[in-house]
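> Input: one structure, supplied below.
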């Protein structure tokens, strides 16, 4: 069964969620009996011991499955790969990787809360003074998913982190005054015939928040990310290649001073909602549309990233509103109204998820966040309802940020109550069981993959998005 949720907004951006797994459209009235999914414990535990099939260090780039396309794929299609698939084999212990992922997640969420909460203390770093207070990139990184993109003419292929929460697309460049380790040789603009610096007086330069003044009539940029990573350099027009398609005059950052472990990637692909993002720049060429589907754990080595209305938008989509936050125009806000467990809507006031006039609160969809966060008053109701409905399952110890865990060692499959998200317009998305009860080690410990936020902000993370195609496009 395949059903679709799409999202319509009151401004120039809309977003769609295409559910390729089980989706239940649940009436808002209270159900007479709880609804359950079956969770295949054995399959998920087995997947924790199976190394990903994509190996950055073992596979020649010319044979890289992340770069290759099949004949029936759209020309604007790219393959998404999770960062864990690109690690050396000796660095693939599941529990260690999972806890590192949660640590990275905590940093990003804390940074998002600071950025979107006007009353929060100021961020610990400034764009013009990246000092010792910046979090070390040796331990934490930006982004969980990567794509392979050609840069320059002749093109040089590079892995880029995909981030729907930022706008600037950039790559590390020579000469490099400070660069982190990456898989490919650092991009040399002197070797690209299509590289052209952006002048200070151009319209594009006016879209960048610059920490430094222009130098030699070249537009400079600086971007700091929520986990403390950053990039600084010059803005340029360059040719990007997606499969067989060459796109000229894309404004990208040429980073000469960069800090952070970007998962062996050469830079970042900004897919935010702002005008300088790749989506905003491609506009007419793709109909303002893009979609992505994050690979489910154990389902294969990669997901997909597709640009264009024809390629990205399926038939029969149901729409859910996107909201505008002038304080954070790069983020995708959705009109979430409530939560449900077992087919029963929970007593959580809709105001908990509302976006305030001052830009605080609300609900965003973010590829860079792993675990979905809700304000404590919503999370606690969700957790308690789930625990009550699973009283027959053996509880396990708390793990990291998770306080509802189970010892499912020895089980083949278990019945767990459904978890649903209620959207404006009466649309209800019921998540697959594997998207909310996840293994945290390789011996059968599973935890409810939601957590309380430290602010009024809610975030739909990438664990809950796995196997669900998300689509955004400009309308009108």
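In full-length UniProt numbering, the protein residues as written are 1 to 476.
Ideal Cβ placement from N, Cα and C applies to all residues, glycine included.
Threshold first: 3 residues or longer. Then list the beta strand (DSSP E) segments lying entirely within the stretch 303 to 389, N to C.
Listed in chain order, they are 332 to 334, 336 to 341, 363 to 365 and 372 to 374.
> Classify residue 84 as buried or exposed, calling it buried when 16 or more other Cβ atoms lie within 10 Å of its own Cβ.
The residue is buried, with at least 16 neighbouring Cβ atoms inside 10 Å.
> Which of helix, strand or coil does DSSP assign to residue 217?
Coil at residue 217, not helix or strand.
> Take every Cβ of the stretch 423 to 432, pair it with every Cβ of the stretch 449 to 458, and state whether three or more of those distances are shorter than 8 Å.
Taking 8 Å as the limit for Cβ pairs, the verdict is that the stretch 449 to 458 does not touch the stretch 423 to 432.
> Between 239, 415 and 423, which has its C-alpha nearest residue 433's C-alpha?
Nearest C-alpha to residue 433: 415.
> May I ask you to list the residues that DSSP assigns as paired with residue 170?
Beta-bridge pairing links residue 170 to 253 and 268.
> Counting pairs of Cβ atoms below 8 Å between the stretch 457 to 475 and the stretch 368 to 379, do you hit three or more?
In short, these stretches touch, since the Cβ pair count reaches three.
> Count the other C-beta atoms from every protein chain shown that fall within 10 angstroms of the C-beta of residue 443, then say buried if there are 16 or more, exposed otherwise.
By the 10 Å Cβ count, residue 443 comes out exposed.
> On the three-state DSSP scale, how would you describe residue 176?
The answer is coil: DSSP assigns residue 176 none of H, G, I, E or B.
> What's the C-alpha gap between residue 320 and residue 290?
Going by the C-alpha atoms only, they are around 16 Å apart.
> Going by DSSP, which residues form a beta bridge with residue 234?
DSSP output for residue 234 lists 220 and 254 as bridge partner(s).
> What residue range does the beta strand (DSSP E) around residue 207 cover?
Here residue 207 belongs to no beta strand (DSSP E), and DSSP marks it neither H nor E.
> Ordered along the chain, which non-local residues of its own chain (more than five positions away) have a Cβ less than 8 Å from that of residue 348?
Here the set comprises 338, 339, 377, 378, 381 and 382.
> Please report the residue range of the alpha helix (DSSP H) in which residue 280 lies.
Element bounds for residue 280: 278 to 282.
> At the level of alpha carbons, what is the spacing between residue 467 and residue 435?
Their Cα atoms are separated by approximately 9 Å.
> Return the CA-CA distance between residue 43 and residue 409, expressed in angstroms with no decimal places.
Residue 43 and residue 409: Cα-Cα distance of roughly 12 Å.
> To the nearest angstrom, how far is the alpha carbon of residue 115 from that of residue 227?
For residue 115 and residue 227, the distance between alpha carbons rounds to 11 Å.
> Which residues in the same chain have their Cβ closer than 6 Å to the Cβ of residue 282, if we skip the five residues on either side of it in sequence?
Same-chain partners within the cutoff: there are none.
> Cα separation between residue 110 and residue 101?
Roughly 14 Å separates the two Cα atoms.
> What is the DSSP secondary structure of residue 111, counted as helix, strand or coil?
In this structure, residue 111 counts as helix in the three-state DSSP scheme.
> Out of curiosity, what's the CA-to-CA distance linking residue 200 and residue 232?
The straight-line gap from Cα to Cα measures roughly 16 Å.
> Do residue 364 and residue 406 have their beta-carbon atoms positioned less than 8 Å apart in this structure?
No, the Cβ-Cβ distance between residue 406 and residue 364 is not below 8 Å.
> Could you pull out every residue in the same chain whose Cβ sits closer than 6 Å to the Cβ of residue 294, ignoring the five residues on either side in sequence?
These residues qualify, in order along the chain: 303, 462, 465 and 466.
> For residue 2, count neighbouring Cβ atoms within 10 angstroms of its own Cβ and tell me buried if that reaches 16, exposed if not.
Confidence in residue 2 is poor, its pLDDT being 32 and thus under 50, which makes the residue's placement unreliable; the coordinate value appears in the next sentence. Residue 2 is exposed by the Cβ-count criterion.
> Let's see if you can read the secondary structure: which residues bound the beta strand (DSSP E) around residue 48?
Segment 41 to 49 is the alpha helix (DSSP H) holding residue 48; no beta strand (DSSP E) there.
> Where do the N-terminal and C-terminal ends of the beta strand (DSSP E) with residue 459 fall, by residue?
Unbroken beta strand (DSSP E) run through residue 459: 458 to 460.
> Count the other CB atoms, across all protein chains shown, that sit within 10 Å of the CB of residue 145; report buried if there are 16 or more and exposed otherwise.
That one is buried.
> Taking all protein chains shown into account, do 16 or more other C-beta atoms lie within 10 angstroms of the C-beta of residue 156, making it buried, or fewer, making it exposed?
Residue 156 should be labelled buried.
> Suppose the cutoff is 7 Å on Cβ atoms and the five residues either side in sequence are ignored; what does the same chain contact list for residue 182 look like?
Cβ neighbours of residue 182 beyond the five flanking positions: 172, 264, 265 and 266.
> Would you decide whether residue 330 is buried or exposed? Buried here means 16 or more other CB atoms lie within 10 Å of its CB.
Classification for residue 330: buried.
> Classify residue 175 as buried or exposed, calling it buried when 16 or more other Cβ atoms lie within 10 Å of its own Cβ.
So residue 175 ends up on the exposed side.
> What span of residues does the beta strand (DSSP E) with residue 81 cover, start to end?
Looking at the DSSP string, the run of the beta strand (DSSP E) that includes residue 81 is 77 to 82.
> What ranges does the beta strand (DSSP E) occupy inside the stretch 386 to 413, keeping only unbroken runs of at least 3 residues that lie completely in it?
Correct list: 405 to 407.
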